[in-house]
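Below is one structure, written out as structure tokens; comments come after it.
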């Protein structure tokens, strides 16, 4: 796992997950552009969709294992845990 590409909240969430094969973490995947055919093939192997040309940020629900594999790809800039939003009181 390339921890330099993970934000602190994602690292903390990874430490709390019990099953490393279960897709339970919602993350933002920030990529370099353009993605080549090898990158798209890798994403397909993880059953990830939503990646298209011109789109450099995608939200995905991933397992810790998939996060580890993605973090090692040169075309991934970084991975950030999606935070739960709260309603603001007016």
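Residue numbers (this note's numbering): 117 to 206.
Note that CB positions come from ideal geometry on N, CA and C, so glycine has one too.
Residue nearest to residue i in terms of C-alpha spacing, selected from the options
i: residue 123; options: 133, 143, 132; result: 143
i: residue 177; options: 145, 194, 191; result: 145
i: residue 148; options: 168, 200, 179, 137; result: 168
i: residue 170; options: 151, 121, 164, 126; result: 151
i: residue 160; options: 185, 132, 125; result: 185
Counterpart residues of residue i in DSSP-defined beta bridges
i: residue 173; result: 146
i: residue 122; result: 195
i: residue 141; result: 178
Contacts around residue i, its chain only, beta-carbon distance under 6 Å, and the 5 residues preceding and following it disregarded
i: residue 162; result: 182
i: residue 155; result: 191
Close beta carbons around residue i, own chain, < 8 Å, minus the five adjacent residues each side
i: residue 175; result: 142, 143, 144, 145, 166, 198
Rounded Cβ spacing between residue i and residue j (contact assumed at less than 8 Å)
i: residue 128; j: residue 187; result: Actually they do not touch by this definition, with Cβ atoms about 15 Å apart.
i: residue 126; j: residue 196; result: 6 Å
Own chain partners of residue i with C-beta closer than 7 Å, once the 5 adjacent residues on each side are dropped
i: residue 137; result: 179, 181
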